[in-house]
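Q: What follows is a single structure, and I will ask about it in a moment.
Residue numbers (the working numbering): 10 to 252.
Right, dumping it as structure tokens:
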């Protein structure tokens with residue numbers, strides 16, 4: 010049965026983003042374990058079902074049996090290395106010039122960070138001491154998962170979830186959906202693919218999932234705005250970024 014309660018929808022959407030983020034980060038033993046025992050594929054299939062999306066054709070027929078080394082080699086050769094030291098399929102948005110639409114890299118990154126800072130986040134420092142790129146696909150997915158959690162919590166409290174829904178819609182349309190599409194397009198042009206089948210399936214289908222949720226959020230917000238217009242006289246009211 011599809012989810013109909015706003016809390017359940019936010020939870021399922023968050024689970025989808027959270028699982029995708031975990032799988033598209035550098036593979037760890039924990040990553041291999043959830044691929045081998047089928048939990049990763051099961052979590053995505055359940056979330057898709059609750060969100061009213063059927064699992065796309067071409068999904069792996071059985072859990073992965075890849076070794077950790079094979080996972081890491083396939084990931085590295087796809088996302089971290091390539092000719093002249095440049096990744097074959099970069100996971101950072103600023104590596105795709107068309108995504109910046111003529112903006113300088115610094116301005117592009119600041120615009121992304123404005124979303125994070127509005128919700129009290131800053132880029133995480135990894136073990137090596139360098140700061141994680143704000144335009145990395147994993148960082149964007151984790152941010153959307155956080156927004157889903159905040160949306161779910163607002164629903165639980167009986168508060169208005171619209172600010173978190175607007176932030177998700179805007180972030181998806183401006184950054185996450187375009188980046189997921191650029192990554193998929195670059196991946197599909199590889200001469201040879203070493204990526205583990207579940208990860209490859211995720212890369213190929215993530216853009217459609219993001220677009221679907223973007224459209225669902227647009228519909229929910231349009232209905233909410235129409236309802237509010239009937240209740241509140243039209244007037245100029247100062248508002249925050251997503252309030």
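Idealized CB from N, CA, C, for every residue including glycine.
(1) What's the gap between the Cα of residue 228 and the Cα of residue 92?
(2) Alpha carbons only, please: which of 204, 146, 191 and 163 is nearest the one belonging to residue 34?
(3) Around the Cβ of residue 175, are there at least 16 other Cβ atoms within 10 angstroms (buried) or fewer (exposed)?
(4) Mapping the DSSP letters down to three states, classify residue 37 as helix, strand or coil.
(5) Return the chain-ordered list of same chain residues with a C-beta closer than 6 Å to the C-beta of residue 85, the five sequence neighbours on each side being excluded.
(6) Short check: CB of residue 150 to CB of residue 177, under 8 Å?
(7) Helix, strand or coil: which one does DSSP assign to residue 198?
(8) I'd like to check one pair, residue 199 with residue 97: are the Cβ atoms closer than 8 Å?
(9) Under 8 Å between the Cβ atoms of residue 9 and residue 52?
(10) If you drop the 5 nearest sequence neighbours on each side, which residues of the same chain put their C-beta closer than 7 Å to that of residue 190?
(11) Determine the direct distance from the alpha carbon of residue 203 to that of residue 82, and round the result to whole angstroms.
(12) Which term fits residue 222, buried or exposed, when burial requires 16 or more other beta carbons within 10 angstroms of its beta carbon?
(13) Kindly indicate which residue of 42, 54 and 164 has the alpha-carbon position closest to the one of residue 19.
(14) Could you tell me which uninterrupted beta strand (DSSP E) segments, each at least 3 residues in length, are contained entirely in the segment 105 to 179, listed from first to last along the chain?
A: Once the coordinates are examined:
(1) Reading the chain shown from its first residue, position 219 is the one you call residue 228. Reading the chain shown from its first residue, position 83 is the one you call residue 92. Straight-line measurement puts the Cα of residue 92 at about 43 Å from the Cα of residue 228.
(2) Taking the first residue of the chain shown as position 1, residue 34 is located at position 25. Closest by alpha carbon: 146.
(3) Start at 1 with the first residue of the chain shown, and residue 175 comes out as number 166. Buried, by the Cβ-count rule.
(4) Counted from its first residue, the chain shown places residue 37 at position 28. Reduced to three states, the DSSP call for residue 37 is coil.
(5) Numbered from 1 along the chain shown, position 76 holds the residue referred to as residue 85. There are no such residues.
(6) Looking up residue 150 in the chain shown gives position 141. Looking up residue 177 in the chain shown gives position 168. Not in contact: residue 150 and residue 177 (Cβ atoms no closer than 8 Å).
(7) Locating residue 198 in the chain shown gives position 189, where the first residue counts as 1. The answer is coil: DSSP assigns residue 198 none of H, G, I, E or B.
(8) Residue numbering aside, residue 97 sits at position 88 when the chain shown is read from its first letter. Residue numbering aside, residue 199 sits at position 190 when the chain shown is read from its first letter. Cβ atoms of residue 97 and residue 199: closer than 8 Å.
(9) The question about residue 9 has no answer, for the chain in this structure spans 10 to 252.
(10) Residue mapping note: residue 190 aligns to position 181 of the chain shown, counting from 1. So the list reads 216, once near-sequence residues are dropped.
(11) Within the chain shown, numbered from 1, the residue matching residue 82 stands at position 73. Within the chain shown, numbered from 1, the residue matching residue 203 stands at position 194. Using only the alpha carbons, I get a separation of about 8 Å.
(12) For the purposes of this step, residue 222 is identified with residue 213 of the chain shown, where counting begins at 1. Counting Cβ neighbours within 10 Å, residue 222 comes out buried, since at least 16 surround it.
(13) Residue numbering aside, residue 19 sits at position 10 when the chain shown is read from its first letter. Shortest Cα-Cα distance from residue 19 to any of 42, 54 and 164 involves 164.
(14) Counting only runs of 3 or more, we get nothing.
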